[in-house]
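Asks: Take a look at this one; I'll ask things after.
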Amino acid sequence: KMLTILRSPPPALTIMLPRQKRNSPSSLLGLSLLAAAASTRRTPVIGALALSSTASSASTSSNVCNARRLGSSDLVVSETCLGTMTFGVQNDASDAYAQLDYALSRGCNFVDTAELYPVPLTAPEYRAGATEEILGGYIERIGRARRDELVVATKIAGYFPNSPVAAARSFPNAPIDPSPDCRLDTGSVKDAVHASLRRLRTDRIDLMQVHWPDRYVPAFGMTTYHHSLRRRDEDEVPILETASALKDLIDEGKVRYIGLSNESTYGVCEWIRACEQLGIRDRIATIQNSYSLLDRRFDSELAEACDHYNIGLLPWSVLAGGLLSGKYNKRVRASGLPSTSNSRFVRFPDYMQRWHPSSASQATLDATEQYAQIALDAGMTPSELAIAFVRSRKFVEKNGSVIVGATTMEQLEQNLAPFDHGAAVELDEKVLAKIDEVHMKCRDPCCSL
Numbered sequence: 010k011m012l013t014i015l016r017s018p019p020p021a022l023t024i025m026l027p028r029q030k031r032n033s034p035s036s037l038l039g040l041s042l043l044a045a046a047a048s049t050r051r052t053p054v055i056g057a058l059a060l061s062s063t064a065s066s067a068s069t070s071s072n073v074c075n076a077r078r079l080g081s082s083d084l085v086v087s088e089t090c091l092g093t094m095t096f097g098v099q100n101d102a103s104d105a106y107a108q109l110d111y112a113l114s115r116g117c118n119f120v121d122t123a124e125l126y127p128v129p130l131t132a133p134e135y136r137a138g139a140t141e142e143i144l145g146g147y148i149e150r151i152g153r154a155r156r157d158e159l160v161v162a163t164k165i166a167g168y169f170p171n172s173p174v175a176a177a178r179s180f181p182n183a184p185i186d187p188s189p190d191c192r193l194d195t196g197s198v199k200d201a202v203h204a205s206l207r208r209l210r211t212d213r214i215d216l217m218q219v220h221w222p223d224r225y226v227p228a229f230g231m232t233t234y235h236h237s238l239r240r241r242d243e244d245e246v247p248i249l250e251t252a253s254a255l256k257d258l259i260d261e262g263k264v265r266y267i268g269l270s271n272e273s274t275y276g277v278c279e280w281i282r283a284c285e286q287l288g289i290r291d292r293i294a295t296i297q298n299s300y301s302l303l304d305r306r307f308d309s310e311l312a313e314a315c316d317h318y319n320i321g322l323l324p325w326s327v328l329a330g331g332l333l334s335g336k337y338n339k340r341v342r343a344s345g346l347p348s349t350s351n352s353r354f355v356r357f358p359d360y361m362q363r364w365h366p367s368s369a370s371q372a373t374l375d376a377t378e379q380y381a382q383i384a385l386d387a388g389m390t391p392s393e394l395a396i397a398f399v400r401s402r403k404f405v406e407k408n409g410s411v412i413v414g415a416t417t418m419e420q421l422e423q424n425l426a427p428f429d430h431g432a433a434v435e436l437d438e439k440v441l442a443k444i445d446e447v448h449m450k451c452r453d454p455c456c457s458l
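The sequence shown begins at 10 in the numbering used here and counts up one residue at a time.
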């Protein structure tokens, strides 16, 4: 359906064009998972608003920081995306609203959430869908016109037996008991999207991502495909069925574009094939996989496939859960912000163990210190180096966006600062060479077999 066009964007939002080429879930969820040709050019979209051909020049003057087209879609988004998975556990609604207000004021028009959030699932106050509810409260608070400036992305959970996430799709009724399985069949996909729409208090989801596949796939730091864990074909929901359900929702105007997450090269190619069969090839826009100085697995065949199919990367955990910020290491902490009692690895000692300073491998900790030293030598904080490196990757710079989050406003200010137009931190070839030298000593040290 046709979307209303803003007659004049609010002064707080000025789109800054992309710069020229640079120089250069919880352990429980992980166990559950173990168990188990670009489109034709369309009129650009600023946030969620379609622009007429006569209004398309607004993309050069209106106010999204370092704007780019997201993958093969016509969504124009900021270079950075606000992650929200702390909303509802580490951050309450008041904290969340303050973060959202600040991000918008800095030209960030892109927000990412999930029906599973907040995390970790083991937190006493955990309730599936709570993050979407908080974001929905904010959307209602700012009104329709400002909602239309936002690109709102959420995610539907993949295979997850006896899932509190699937149980929460009964919203606003009491959660289903006993909890059903999360699957990606037609009924589950539509139930999940309708629940997300209600919680988000919006009439459409701009980017609906599949959080992880229905089939078995090594994910969340695992690198080896274990044949014994593959389920029978008849026990896996075909990608074509999931894609077909999303097509129905696209046709109904409830979903605009499709994104993948924690997906493999095989999965990307199968999604492309399914969407081509359904006539919605141009609706595959993004993939959200882990990518950081400590996890560069995306650099190889996934980068190739996504380049050919014009799929942008939305890297998650660019700071490795906070480890790369240096705040958990006394020897490098002075260059960044200190940890607090509410910091992820202080409050949740068993969460994200591959990055947790008390359980991460020695190779991970050694590499973290070496990257911190490179940052200090270059006059940067460890966080600035980690973020600048991810920004320098073509699969982000070209058609992706960097997800950053925080638990305090001070952290958010520091994490968004590298994206400021005119003040962006750039990495020269010498710094990039030093980064690669550390990487080659032990590739992706936080990953396991």
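Glycine residues also receive a C-beta, built at the ideal position from the N, C-alpha and C atoms.
Within the continuous beta strand (DSSP E) that includes Gly268, where are the two ends?
Replies: Start and end: 264-270.
Asks: Go through its chain and collect everything with a Cβ distance to Pro347's Cβ below 7 Å, but skip five positions before and after it.
Replies: Around Pro347: Lys336.
Asks: According to the neighbour-count rule (16 or more other Cβ atoms, all chains shown, within 10 Å of its Cβ), is Ser309 buried or exposed?
Replies: Exposed.
Asks: Taking the beta strand (DSSP E) that Leu91 belongs to, which residues open and close that run?
Replies: Residues 89-92.
Asks: Below 6 Å CB to CB, which residues in the same chain sit around Met361 once its five sequence neighbours on both sides are set aside?
Replies: Gly330.
Asks: Inspect the CB distances between the region 73-92 and the region 280-300 and report whether three or more fall short of 8 Å.
Replies: With a cut-off of 8 Å, the region 280-300 and the region 73-92 count as touching, because enough Cβ pairs lie within range.
Asks: Where Gln218 and Gly268 are concerned, what is the direct C-alpha to C-alpha distance, given to the nearest angstrom?
Replies: Distance between the alpha carbons of Gln218 and Gly268: 4 Å.
Asks: Kindly indicate which three-state DSSP category Asp215 falls into: helix, strand or coil?
Replies: Strand.
Asks: Tell me, which residues are paired with Cys191 by DSSP?
Replies: BP columns for Cys191 point to Phe169.
Asks: Taking C-alpha atoms, which residue in Leu311, Glu378, Ile148 lies nearest to Gly321?
Replies: Ranking Leu311, Glu378, Ile148 by Cα distance to Gly321 puts Leu311 first.
Asks: Can you check which of these residues, Leu258, Val440, Gly409, Thr390, is closest to Gln423 by C-alpha distance?
Replies: Out of Leu258, Val440, Gly409, Thr390, Thr390 has the C-alpha closest to the C-alpha of Gln423.
Asks: For the beta strand (DSSP E) containing Gln7, name the first residue and the last one.
Replies: Within the shown structure, residues of the chain are numbered from 10 to 458, placing residue 7 beyond reach of any answer.
Asks: Note the first and the last residue of the continuous beta strand (DSSP E) segment covering Phe119.
Replies: Segment 119-121, the beta strand (DSSP E) holding Phe119.
Asks: Take every Cβ of the region 184-192, pair it with every Cβ of the region 410-427, and state whether three or more of those distances are shorter than 8 Å.
Replies: No: fewer than three Cβ pairs fall under 8 Å.
Asks: Have a look at Pro127, Gln379, Ser270 and flag the residue whose alpha-carbon is nearest the alpha-carbon of Asp445.
Replies: Looking at the Cα atoms, Gln379 is the closest of the given residues.
Asks: List the endpoints of the continuous beta strand (DSSP E) containing Gln297.
Replies: Note, Gln297: beta strand (DSSP E), 293-297.
Asks: Just the C-alpha distance for Ile143 and Phe119, rounded to the nearest angstrom, thanks.
Replies: Cα to Cα, Ile143 sits roughly 16 Å from Phe119.
Asks: Do you know how far the Cα of Ile185 is from the Cα of Gly92?
Replies: Cα-Cα distance, rounded: 28 Å.
Asks: Per the DSSP calculation, Thr163 is bridged to which residue(s)?
Replies: Thr163 is bridged to Met217.
Asks: Using the C-alpha atoms, what's the distance from Ala228 back to Leu42?
Replies: In this predicted model, Leu42 has a pLDDT of only 40, less than 50, meaning its place in the structure is not dependable enough to derive any value.
Asks: Leaving out the 5 sequence neighbours to the left and right, which residues in its chain are closer than 8 Å to Arg239 when beta-carbon positions are compared?
Replies: Around Arg239: Arg224, Tyr225.
Asks: Determine the burial state of Arg469: buried for a count of at least 16 other Cβ atoms within 10 Å of its Cβ, exposed for fewer.
Replies: An answer regarding residue 469 cannot be provided, because it is not within the stretch 10 to 458 covered by the chain.
Asks: Could you pull the DSSP bridge partners for Gly321 from this structure?
Replies: Answer by DSSP bridge pairing, in chain order: Thr295.
Asks: Look at the alpha carbon of Trp4 and the alpha carbon of Gln286, and state the distance between them as a whole number of angstroms.
Replies: This structure gives no information on residue 4, because the portion of the chain shown stretches from 10 to 458.
Asks: Please report the distance separating the alpha-carbon of Ser212 from that of Arg150.
Replies: Residue 212 is actually Asp in this sequence, not Ser. Cα to Cα, Asp212 sits roughly 15 Å from Arg150.
Asks: How long is the line joining the alpha carbons of Ala137 and Asn182, rounded to whole angstroms?
Replies: Cα-Cα distance, rounded: 13 Å.
Asks: Under three-state DSSP, which class holds Asn351?
Replies: Reduced to three states, the DSSP call for Asn351 is coil.
Asks: Which residue wins for smallest C-alpha separation from Leu258, given the options Asp215, His236, Gly80?
Replies: It is Asp215 whose Cα lies nearest to the Cα of Leu258.
Asks: Thinking C-alpha only, which one of Met418, Lys403, Leu302 is nearest Cys315?
Replies: Measuring from the Cα of Cys315, the nearest candidate turns out to be Lys403.
Asks: Ser66 to Val327, Cα distance in whole Å?
Replies: Only weak support exists for where Ser66 lies, its pLDDT of 29 falling under 50; the value from the coordinates is given anyway. Each residue's Cα considered, the two are about 33 Å apart.
Asks: Should His448 be labelled buried (16 or more other beta-carbon atoms within 10 Å of its own) or exposed?
Replies: Its Cβ being crowded by 16 or more others within 10 Å, His448 is buried.
Asks: To the nearest angstrom, how far is it from the Cα of Leu437 to the Cα of Arg400?
Replies: Position check: residue 437 holds Asp in this sequence, whereas Leu was assumed. Approximately 13 Å, taken between the alpha carbons.
Asks: Is Ser352 near Trp325, with beta carbons less than 7 Å apart?
Replies: Contact flag unset, no.
Asks: Spatial neighbours of Tyr234 within its chain, please: C-beta separation below 8 Å, excluding the five flanking residues on both sides.
Replies: So the qualifying residues of the chain are Val226, Pro227.
Asks: Looking at Glu134 and Val98, is the spacing between their C-beta atoms short of 7 Å?
Replies: Yes, these two residues count as a Cβ contact at 7 Å.
Asks: For the candidate residues Ala283, Cys117, Lys199, His220, whose alpha-carbon lies nearest to that of Ala123?
Replies: Ala123 has its Cα closest to that of His220, out of Ala283, Cys117, Lys199, His220.
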